[in-house]
Every structure is written in C-alpha cells, then in structure tokens.
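Heads up, the thing below is written out as structure tokens.
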Amino acid sequence: MSWQGTRLSQFTFEVLQSATVLQRKIISEFLQGVVLASPVDTGAFRGNNLVSIGSVDVRYDLNKVDKVGGKTIAEGNIKVLQAKIGDLVYVQNNLPYSVALENGYSQQAPTGIYALTFQRVTSKYK
-15 MSWQGTRLSQ
-5 FTFEVLQSAT
5 VLQRKIISEF
15 LQGVVLASPV
25 DTGAFRGNNL
35 VSIGSVDVRY
45 DLNKVDKVGG
55 KTIAEGNIKV
65 LQAKIGDLVY
75 VQNNLPYSVA
85 LENGYSQQAP
95 TGIYALTFQR
105 VTSKYK
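With my numbering applied, the sequence shown corresponds to residues -15 to 110, in that order.
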C-alpha cells in the first residue's frame, strides 16, 4: 500500500509559504504602527521610516516628508513583499533627532514610537 496524501515536501513548502505570509503581515503592521504613531511637524520624521532587508539602511533625507504617512507605508510595503522567511528585516528611522523622539521628546508621542509599536504588535501575535 502506498501513501496517497500530500507529500511531505509539499507540506513543508506550504508551511514555509504560510510563515512568509505571516512574517510579511507582522512587519507591515509594525511599519504602519510606527508611521502612524510618528509625531508630525514638517513630516520629515514620518517620511524617513525605512524598511531594509539583510542590513541596516543608514540613509535619511530631511526633504523627504510625508505628513499623512500613506506614501511611506506604501514604499515600505514594497520592500516588505521582498522579505522571505528567515530574512532579517529592519524598520528604522535615521534622522539625527529620531532617538530623542523615541525617548519622548515630542508631546505628540511622549512615550515613544518604536518600542510601543513593537510591544503592541508582538503581544498580538504571541
């Protein structure tokens, strides 16, 4: 009698596909949370939230502004779609004042941005 069900290799492939989809969903949710939690003055901080895969992207551009956040989220999600399971994905903001904002310098985000978003997203998926 031979096995007639799903092959183990096919099952493994399906698990990897599902894991990749979940990874992308979590990263996208984190990116959106960070962007929308970002304080807005000129929109430069919001516009400089970057996604990179495999290594940190150290760029920033004071002229890259996004007061609403939609463009930044859309650009980041293009990178998110390139991520595969096991990839190291970074979401970062390299503006010189980003650490001050994370430490509560802004009245719009007195408790920070990244750490709170990380806690919210990770607690949702635990």
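The beta-carbon is built from N, C-alpha and C at its ideal position, and this holds for glycine as well.
- In the DSSP annotation of this structure, the continuous segment of the alpha helix (DSSP H) that includes residue 107 starts and ends at 98 to 109.
- Inter-residue distance for residue 81 and residue -9 is about 53 Å (C-alpha atoms, whole angstroms).
- Judged by beta-carbon spacing, residue 66 lies beyond the 7 Å limit of residue 23, meaning their Cβ atoms are not closer than that value.
- An exposed status is given to residue 62, since fewer than 16 other beta-carbon atoms sit within 10 Å of its beta-carbon.
- In the three-state reduction of the DSSP assignment, residue 76 falls in the strand class, which pools E and B.
- Taking 7 Å as the cut-off, the beta carbon of residue 46 is found no closer than this to the beta carbon of residue 76.
- Using a 10 angstroms sphere on the CB of residue 21, the tally of other CB atoms reaches 16 or more, which defines it as buried.
- When Cβ pairs closer than 8 Å are counted between the two stretches, the segment -2 to 15 is seen not to touch the segment 36 to 53, the count staying below three.
- With fewer than 16 other Cβ atoms inside 10 Å of its own Cβ, residue 99 counts as exposed.
- Straight across, the Cα-Cα distance linking residue -6 with residue 68 is about 18 Å.
- Short of 7 Å from the beta carbon of residue 19, and not among the five residues preceding or following it, lie these beta carbons of its own chain, in chain order: 30, 33, 53, 56, 57.
- Along the length of the segment 47 to 92, whole alpha helix (DSSP H) runs at least 4 residues long occupy 54 to 64, 82 to 86, reported in chain order.
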